[in-house]
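As structure tokens, the structure follows; a few thoughts come after it.
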Amino acid sequence: MVQAMTEPVLALENVSKHFGPVVALADMTLALLPGEVHAVVGENGAGKSTMIKIMTGVHAPTSGRVLVDGREVSFAGTRAAREAGVAAIFQEPMVFPDLDVAENIFISATGLGLVQNRAALRARARALIGRLGMALDVERIASGLTLAEQQAVEIARALSQDVRVLIMDEPTASLSAHEAGELRRIARQLADEGVAVVYISHRLEEIFEVAHRVTVIRDGAHISTRKVDEVTPDSLIAEMVGREVGNFFAKAPSTATAEVVLSVAGLACEGAFSGVSFDLHRGEVLAMAGLIGARRTDVGLALFGIHPATAGKVTWKGRPYAPRNAADAIAAGIAYVSEDRRKLGLAMPMPIFANITLATLDKVLSRFGLVQRGREREVAEGHRRRLNIRAPDVGVAVGNLSGGNQQKVMLAKWLEMKPDLLIFDEPTRGIDVGAKAEVHDLIRDFAAAGGAVIVISSDLPEVLALGDRILVMREGRQTGILSHDEADQEAIMRLATGAQPARAA
Amino acid sequence: MMIKTLSPQAIRLLALIAVLVLVLAFFASQIDNYFNARLFTRISTSVAIMAIIACAQTIVMLARQIDLSVGSITGFTAFAAGSLIAQYPGLGGVPLALYAMVIGAGFGLVNGVIVAWLRVPAIIVTLATMAIFRSLLVEFSGAKSITTASLPEWLTRFPNTVLFRVGALEFRAVVVLAVAVVVAVYLVLAFLRPARRLYAVGSNPEAAEMAGINQRLVILLAFVASGALAGLAGFIFLARFGNITVVAGLGFELKSVAAAVVGGVSINGGSGSVLGALVGAVLVDTIDQSLVRWPLVSEFWREAVLGLLILLAVAADAVLGRRLMAMRIRREREKRA
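From first to last, the protein sequence lines stand for chains A and B. Just so you know, the first sequence maps onto residues 7 to 511 in our numbering. Just so you know, the second sequence maps onto residues 11 to 347 in our numbering.
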């Protein structure tokens, strides 16, 4: 099927992409042959998204060359990439909810004349959908389609524009098993028709079913490209996580006690996750690991009452606990530090002190219900010194701080509440190594002082550095709990990718 | 089963017509001698101007924008056309209408450039231009008014010309013109491929960008079209009322949004049609006109009834939208199971 002599239709040569000081892609090299399904695997943050964005013309590379049919190109935008025959479909499809299927496919097509001939359009749409082997009424409005059907619409749109390279980014992450199988069949069929299909997936078993070749990328760089029959799940995982020792953080000793403060049994939230069960001890840090889409955040939000669970039993400090909203959780002494600092956590234009006291405002109110500025600043100043928030004084707007310092302000806000359980979602995403170590210390200090902590993290070294125990999830299911001694990157990745069947925890 | 084959939009339109019939039946039961030829004439001529402005508003709303300056554009163009024809009484009707439309399109261009290229939200931009265009009118007119006496007779006679009769109902030229404009815009939006991109941009701007649609151009053209239609409305306004002061067209912006929203045009863009906006305008006006004759309600309440109607329409849309979402989620779950 894939001939060694074929010329790549699209190739990246030593492509790098920097965002300010952050290197998202370093010397990436990849060659896509017509007629192959080329799987790309890598950990969260390995650079897959950046690579897609360069291939589809969203970003221009900082250095290196992009070649189409051996000729160097520089896409001025997504449109230019489309015209060169490069298209991408994502986990969340890009359709027009108010238009019908046929129009969705042909909305930006050229050469169809000025007047819309609906009958002809629908006939062509039917032919394309039929070519994909799908049954889909082309007159239906897109807002009523399932995700799988919307993806089919997107693929049909790409086909209508004579696609030569089709990038599928986690296409099956939200699909049922049957739908995912259909999509893999379509990927294979398009390759047979001569399209180069890039297939990005966290599900390793899927890759062995669909791909001809597989490329591993790590830390923004190309690690290996092999034929799929030359690799095994274990060899892929080893290459995905293989890291230099210097990147590891040392694990601090556990301060867990024997006292169980939180006990979760069979927790589920319809449409998100199910079967989550664990005990959390006073002084313990439980890390939740998994790949993006494993639904770990949903578990955190259920415990915090934002998206209440629909089944299961939670016992908190010996009493049944079923929060209906965040206020319930806060009243119970549970705090949740969001992964999305901008959207959920901080009021960016407001000063540090106002952000810190926002959730506990009644502590700084005078008898007449007015805010005592002096008291507010005093409280904030204490946190600033203790957490080492780098700002000249606490009147600075949070929006002007670095990511790491913003994270510390957020942590201060919740620590001020004096919670007994801290749920920390991606505590160090996007902050530098120094600040990372400081945040880790703060989490450990909180646990050592008798608090219980759940850390949700996609960063494996962080999971290993913080977690006294590690709960691994995969696609809404708990696939295992590892003690720190039995956990290493390979073991976690095996549970997270499904390379190893789930077992009782 | 019939209902399944109809698009949600068609159902919405039929429901609206049913509401209109109910409203008419209600007032007929309350007001003696409610149905007569004069009712038809009164409502139809009054709706004619608003129908065109609602049509303009709809075009902009489909692209997920809003145009609050339509009333000021209507007023300005009415005055400008009035001054021109007073100076050159020999000018024909078509050049005069075109003159009003070109001025309106120019104003629309200003709105469009600021919204599409400077990326300022349309509600802010057109709130500002609403005031600016109105002030231009005051400046331009020197606070003087145009009076019927300064207009040629053919112009003031035009709106009242009866083109044809159906039984006792008179169809006047201004009504036929308004309906023709709405139908023409409807056909353009439904069948011209470039116009479909208006729906695409309003429906999902991100996907439009990914599909290689020039969003800015689409938004710009929507504002230009809206301005041109408001200019046409200005021309009809001049012909119908003859007396133009600096307050001409004041309040039209909100009435046009009301008509469009009641007519099923989504404020989130991408869905709705100018036919809906037309029926919405008729409904709003019918209620407005009928309440005047209903002794039980003081006329101060007319505004409140209009407000209530808008709330009902928007709430109905929101409920309907959530139902559709819930249906989709159920379908997905069934498929998974």
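All C-beta atoms in this analysis are idealised placements derived from N, C-alpha and C, irrespective of residue type, glycine included. Quick caveat, the model's predicted, so the values are computed rather than measured.
For Val-171(A), the enclosing beta strand (DSSP E) has its first and last residue at 171-175.
Here Asp-298(B) is buried, its C-beta having at least 16 other C-beta atoms within 10 Å. Taking C-beta atoms as the reference points, Val-315(B) and Ile-277(B) fail to come closer than 9 Å. In the structure shown, the three-state DSSP call for Ile-277(B) is coil. Residue environment analysis places Ser-372(A) among the exposed positions, since fewer than 16 neighbouring C-beta atoms fall within 10 angstroms of its C-beta. DSSP assignment within the segment 389-443 of chain A yields the following whole beta strand (DSSP E) runs of 3 residues or more, N-terminal first: 427-431. Taking 8 Å as the cut-off between beta carbons, the residues of the segment 193-216 of chain B near chain A are Ala-200, Phe-201, Leu-202, Arg-203, Pro-204, Arg-206, Arg-207, Tyr-209, Ala-210, Gly-212, Ser-213, Asn-214, Glu-216, in sequence order.
The three-state reading of DSSP puts Asn-20(A) in strand, counting E and B together.
Below 8 Å, too few C-beta pairs join the segment 195-205 of chain A and the segment 22-31 of chain A to call them touching: fewer than three. Taking the CA atoms as reference points, Arg-190(A) sits about 31 Å from Leu-118(A). If only complete runs of 4 or more residues are kept, the segment 89-167 of chain B shows the alpha helix (DSSP H) at 103-127, 132-151, 163-167, in order along the chain.
Around Met-71(B), no beta-carbon contact reaches into chain A at under 7 Å, the shortest distance being about 12 Å. Pairwise C-beta distances place the segment 308-326 of chain A out of contact with the segment 351-367 of chain A, as fewer than three of them are shorter than 8 Å.
Annotated three-state conformation of Asp-198(A) is helix, per DSSP. By a beta-carbon distance limit of 8 Å, Val-478(A) does not contact Ile-460(A). Their separation comes to about 14 Å. Within 10 angstroms of the beta-carbon of Ser-69(A) lie fewer than 16 other beta-carbons, which makes it exposed. Between Ser-54(B) and Val-256(B), the gap from beta carbon to beta carbon reaches 9 Å or more.
In the structure shown, Ser-241(A) falls within a helical segment according to DSSP collapsed to helix, strand and coil.
Sixteen is the threshold: when 16 or more other Cβ atoms of the shown chains lie within 10 Å of the Cβ of Pro-433(A), as they do, the residue is buried.
Counted as a single uninterrupted DSSP element, the alpha helix (DSSP H) harbouring Asp-334(A) occupies residues 332-337. For Ile-277(B), not one C-beta of chain A is nearer than 9 Å to its own C-beta. Bridge partners of Thr-116(A) according to DSSP: none are assigned. Assigned with DSSP and collapsed to three states, Arg-333(B) falls in helix. Only Thr-84, Arg-85, Arg-88, Met-100, Val-101, Phe-102 from the segment 68-102 of chain A bring a Cβ to less than 7 Å from some Cβ of chain B. Taking one beta carbon from each stretch, the segment 208-215 of chain B and the segment 81-91 of chain B have fewer than 3 pairs nearer than 8 Å; the two do not touch. Taking the Cα of Ala-37(A) as reference, the smallest distance to any Cα among Gly-51(A), Leu-31(A), Glu-13(A) is reached at Glu-13(A). Contact note: Ser-281(B) reaches chain A through Asp-104, using a C-beta cutoff of 7 Å and chain order. Taking the C-beta atoms as reference points, Val-222(A) is found nearer than 9 Å to Leu-242(A).
Between the segment 69-81 of chain A and the segment 151-167 of chain A, the count of C-beta pairs closer than 8 Å stays below three; the two stretches do not touch.
Taking C-alpha positions only, Gly-401(A) is separated from Ala-300(A) by approximately 39 Å. With respect to the 9 Å criterion, Asp-225(A) and Gly-53(A) are classified as neighbours on the basis of their beta carbons.
Rounded to whole angstroms, the Cβ separation of Ala-94(A) and Thr-62(A) is 5 Å, and the two are in contact under 8 Å. With the criterion set as a beta carbon lying under 9 Å from some beta carbon of chain B, the segment 344-378 of chain A has no members that meet it. For Glu-109(A), at least one C-beta of chain B is nearer than 9 Å to its own C-beta. Of all residues in the segment 220-249 of chain B, the ones placed with a Cβ closer than 7 Å to any Cβ belonging to chain A are Met-220, Ala-221, Gly-222, Ile-223, in chain order.
Here the alpha carbons of Asp-474(A) and Ser-260(A) stand approximately 6 Å from one another.
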